[in-house]
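According to mature numbering (1 follows the signal peptide of the UniProt record, and there is no 0), the residues represented by the sequence shown are -21 to -1, 1 to 802, in order. Presented below is the structure to which this report refers.
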Amino acid sequence: MRNLGISVLLTSLLYATGIVANEDPNDVSVLIREAGRASNESLLWGPYKSNLYFGVRPRIPKSLSAGLIWGKVDDYAGAQQNFRHTCEQNEGMAGYGWDEYDIRKGGRETIHDAGNNLDLVIDFIKVPGGQHGGSWGFRVKGTPREGADPDQPISVIFYSTLEGFGRLEADSASSESTGVEGNVKLEGYSAELGDFAIDVTTGPETNSHPRYNHPSSTDKPLDRSIVASVAFPEEQLWQAKGIFFTQLKAEVDEALEEYGKENIPPPAQLFTIKHKPGPGNAQLVQKVFSGPFEFDVLFSSGSASEPLTSETLTKEIDEASASFSETFEELLPPQAPFDSPKYSSFSKAMLSNLIGGIGFFHGDDVVDRSANPAYEEENEGFWEETAEARAAAQPVIEGPKELFTCVPSRPFFPRGFLWDEGFHLMPVIEYDTDLALEIIKSWFHLMDEDGWIAREQILGQEARSKVPAEFTVQYPHYANPPTLFMALEAFMDKVKTSKNKSTEFASLDNQDATASLRSATVRHPELSEAYLRSFYPLLKKHYNWYRNTQRGDIKSYDREAFSTKEGYRWRGRSVQHILTSGIDDYPRAQPPHPGELHVDLISWMGMMTRAMRRIAENLGEEEDAEKFASYENAITRNIDDLHWDEKEQTFCDATIDEYEESVHVCHKGYISIFPFLTGMLGPDSPRLKAVLDLIGDPEELWSDYGIRSLSKKDKFYETDENYWRSPVWININYLVLKNLYDTATVSGPHQEQAREMYSDLRKNLVENVFREWKRTGFAWEQYNPDSGNGQRTQHFTGWTSMVVNMMSMPDLAGFGKTTHDEL
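In structure tokens form, the structure reads like this:
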């Protein structure tokens, strides 16, 4: 009966997406394979060039890419600086990002370009059909901002590039020497995409174009599209703006030579490229508008039943918007006191920016494989030895590799970060569980033969262009918090609490195929088990890599603990930093010592072990489950034995003093509450009361805007870089909130205290992130604990998007209290 239910679901799903297997529909392995294929088809295309304001590509290495460049061209001096392409901080933006976005359907991005006095609205849509991920299109609408010249000239360049084997060319049949008056058509072919066509439309009749009486007007009338087809080395194709400027410079130089500086053409005509359509692996289509404008770009797969049209695009835009709102309200509706339209719009935008920032990266990376003995960090003064080893190392280029991932910040961190990703996936897994699983799988497939995954994924020249050279090298002994296991636990929670099968199948009658793809793995145990089993060996290998490489020394220093094995320390620390811990400059033992034990790492290992135990149980791996359970118990006991300081009433790092004795180093803050953050303290723990009191004390960690990273009483509060020495971080605050909720909703001695803290903290966090979003147009990397102001990196819609989860969490006001009516 169970197999029949899956058959009904997936058969209808596969027909709806154009994928039908000519095999036994009751064969579970066939259905699993075909469901995966259908999901991959729906995820093939997207704005996966997340470092660009708008850039489209498929999840295929060396393939087709497309994007937009634009700029105001009303003066000579600032024109080059006005052109936008890559997301940048402090580039005159009053905010930008996705208002609505579903990765399987599309959505709407708005860009408030204050520097160019222009607001852009881009509607991106995917239309399934055929054998190559379907067709897609986007509509661009530009409007001068309030106070701008209503007729300001804006130059917009659509470009498309093709890497690898294939063909890309512009149709020149209807083209004149001065440009194309109607729609521009590009055509091409690649092995992975088959035949395809791209139409760039003229847009509605309301579009207008600058007009001048300069002699150059007859050579370059601005009421038509200019198409430049050029060939560039493949490794340079990602630099589309540079390609455009190369073409532009040649035309500017020619104009200056022809007309001289005294009779130079107006900027809108001067800053146009030469019209020369034809074959080329880079195709540029330039349009110059006066005032408001609109046009469409339509990609039609040759295997689709019919080409994409503007009429279809209009229809799909409306349907995608309605579908997104309906799905959001079903899965992640904000709960009281945030159940109002303003918070709903805010939550939709935060979720959409997170998912709209997902990128597909492909290329080589730089790794130090020297295995220098200094990297073991076993000697006193080890940080000096490791610095020398890094300086002498000769890193190797590895790859190519590929990764499908969310990014922390499109302008500043447009690449994959291992410890960020688990946090990123907490909102994603609620909206599109199978998307989150696809991302997790992508990360684990980066693992090397030892079980190591680089903590920062900088794949290819385009990614490296955003990273200082000293941070590009990855080290196989460096770890990062294993937050992907946190996401896997959330997945297993969803599977465990899914509705009974009969209710599920009835509800599916009202869902389209895309909706089914988002949650197929949750709804059906066969699919969830197959997913986990598909890379369970990799999970074990990765887990064992942590145990082997990050183990600390308990025996050598006569430490008393339940287990002589379960102690851990981060490798890769310097005097002031442990970048590998993720909380870089948080105060640690001074000076560093090879006998250190870090309370945050043993807590992460406890969470990781718990997840592995649950996965093994789910898969029926009884021997493994018993082994992980014994590790989990030992870690739980050792957290207390090795890290609890009775005098300070908090958890602390441990180090070795000048007398070779193990001592605690206590800096109250995020580090000291990590056993609570990772769920390693139960509601009856004798340590829980002290932890809650520390979190809730305004003179220690509590602020009106969230939990501070370091106690106000600590001597290092707000010192030096002050990166993790006072600011409020949303990812850690989410963990505080989640565990307060878990404590508040089960019977225990501290239930009421946790409930009150949960309600107050949730309100403080959401209201402040919302206020700053409204005030600045951005989510921020961190928030000031005294003013609430967003600071450091702007457009940080990575883990700050976890405010979506916070809004959708239950309101516990009145929870557990007897009402007047009940009395």
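Backbone N, C-alpha and C define an ideal beta-carbon position, used for all residues, glycine too.
Checklist entry - Is DSSP giving Ile533 helix, strand or coil here? => result coil
Next on the checklist: Since Asp683 and Gly767 should fall inside the 8 angstroms C-beta cutoff, what is the C-beta to C-beta distance between them, to a whole number of angstroms?
Outcome noted: Going by Cβ atoms, the distance from Asp683 to Gly767 rounds to 7 angstroms, so yes, they are a contact pair.
Item to check | Helix, strand or coil at Ser349 [DSSP, three-state] | outcome: coil
Item to check | As assigned by DSSP and simplified to three states, the class of Ala466 | outcome: helix
Next on the checklist: I need the straight-line Cα distance from Ala442 to Leu31, nearest angstrom please.
Outcome noted: 12 angstroms
Checklist entry - How many Å lie between Thr185 and Phe272 at the Cα? => result Here the alpha carbon of Thr185 sits roughly 7 angstroms from the alpha carbon of Phe272.
Checklist entry - Hey, how far is the Cα of Gly793 from the Cα of Gln529? => result As the crow flies, the alpha-carbon of Gly793 is around 45 angstroms from that of Gln529.
Item to check | Cut-off 6 angstroms between Cβ atoms - residues of its own chain near Glu545, not counting five sequence neighbours on either side | outcome: For Glu545, same chain residues with a beta-carbon under 6 angstroms away, outside a window of 5 residues either side, are Ala613, Ile614, Asn617 in chain order.
Next on the checklist: Within 8 angstroms, do at least three Cβ pairs link the segment 242 to 250 to the segment 289 to 301?
Outcome noted: Taking a contact to require three or more Cβ pairs closer than 8 angstroms, the segment 289 to 301 and the segment 242 to 250 do not qualify as touching.
Next on the checklist: In this structure, how does DSSP classify Asn479 when only helix, strand and coil are distinguished?
Outcome noted: The predicted model places Asn479 with a pLDDT of 44, which falls under 50 and marks its position as unreliable; any figure quoted below should be read in that light. Residue state, collapsed to three classes: coil.
Next on the checklist: Rounding to the nearest angstrom, what Cα-Cα distance links Ala210 and Asn260 in this structure?
Outcome noted: 5 angstroms
Item to check | Euclidean distance between Cα positions of Ser651 and Phe541 | outcome: In this structure, the alpha-carbon of Ser651 lies about 20 angstroms from that of Phe541.
Item to check | Gly257 beta carbon less than 7 angstroms from that of Ser208 | outcome: yes
Checklist entry - Residue range of the alpha helix (DSSP H) that Ser641 falls in? => result DSSP places Ser641 in no alpha helix (DSSP H) but in the uninterrupted beta strand (DSSP E) bounded by 641 to 644.
Item to check | Between the CA atoms of Gly167 and Gly34 - distance to the nearest angstrom | outcome: Their Cα atoms are separated by approximately 18 angstroms.
Checklist entry - Buried or exposed: which applies to Thr65, given that a residue is buried once 16 or more other Cβ atoms fall within 10 Å of its Cβ? => result buried
Item to check | DSSP-derived helix/strand/coil call for Phe396 | outcome: strand
Item to check | 7 angstroms Cβ cutoff met for Gly173 and Gly281 | outcome: yes
Checklist entry - Below 8 angstroms, can you find three or more Cβ-Cβ pairs linking the segment 343 to 362 to the segment 312 to 323? => result no
Checklist entry - Is there contact between the segment 354 to 367 and the segment 415 to 427, where contact requires at least three CB pairs shorter than 8 angstroms? => result Fewer than three Cβ pairs drawn from the segment 354 to 367 and the segment 415 to 427 lie within less than 8 angstroms of each other, which leaves the two stretches out of contact.
Checklist entry - What is the rounded straight-line gap between the Cα of Val407 and the Cα of Glu160? => result 44 angstroms
Item to check | Anticipated Cβ contact below 8 angstroms, Gln265 with Ile90, distance rounded | outcome: So it is not a contact: roughly 19 angstroms between Cβ atoms.
Item to check | Residue nearest to Arg87 in terms of C-alpha spacing, selected from Arg502, Gly727, Thr293, Ser284 | outcome: Among Arg502, Gly727, Thr293, Ser284, the Cα nearest to that of Arg87 belongs to Thr293.
Checklist entry - What are the residues that DSSP puts in a beta bridge with Trp623? => result Phe630
Checklist entry - With a CB to CB cut of under 6 angstroms and the five nearest residues on each side skipped, what residues in its chain are close to Pro286? => result Ser279
Checklist entry - Ala315 by DSSP, collapsed to three states: which one? => result coil
Checklist entry - Mapping DSSP to helix, strand and coil, what is Ser553? => result Secondary structure at Ser553: coil, using DSSP grouped into helix, strand and coil.
Checklist entry - Three or more beta-carbon pairs under 8 angstroms between the segment 575 to 593 and the segment 545 to 565, yes or no? => result yes
Next on the checklist: Quick check: Ala234 and Leu216, are their CB atoms within less than 7 angstroms of each other?
Outcome noted: no
Checklist entry - What did DSSP end up calling Met786 once you bin it into helix, strand or coil? => result helix
Checklist entry - Where does Asp102 land, buried or exposed, given buried means 16+ other C-beta within 10 angstroms? => result Under this definition Asp102 is a buried residue.
Item to check | Phe274, enclosing beta strand (DSSP E) - first and last residue | outcome: 272 to 280
Checklist entry - Hey, residue 880 and Ser331: beta-carbon distance below 7 angstroms or not? => result Any answer about residue 880 is impossible in this case: the structure gives the chain only from -21 up to 802.
Checklist entry - Which word fits Thr493, buried or exposed, when buried means at least 16 other C-beta atoms lie within 10 angstroms of its C-beta? => result buried
Checklist entry - For Gly74, which residues of its own chain have a beta-carbon under 7 angstroms away from its beta-carbon, when the five flanking residues on both sides are left out? => result His91, Gly756, Phe757
Next on the checklist: Please state the DSSP three-state secondary structure of Glu230.
Outcome noted: helix
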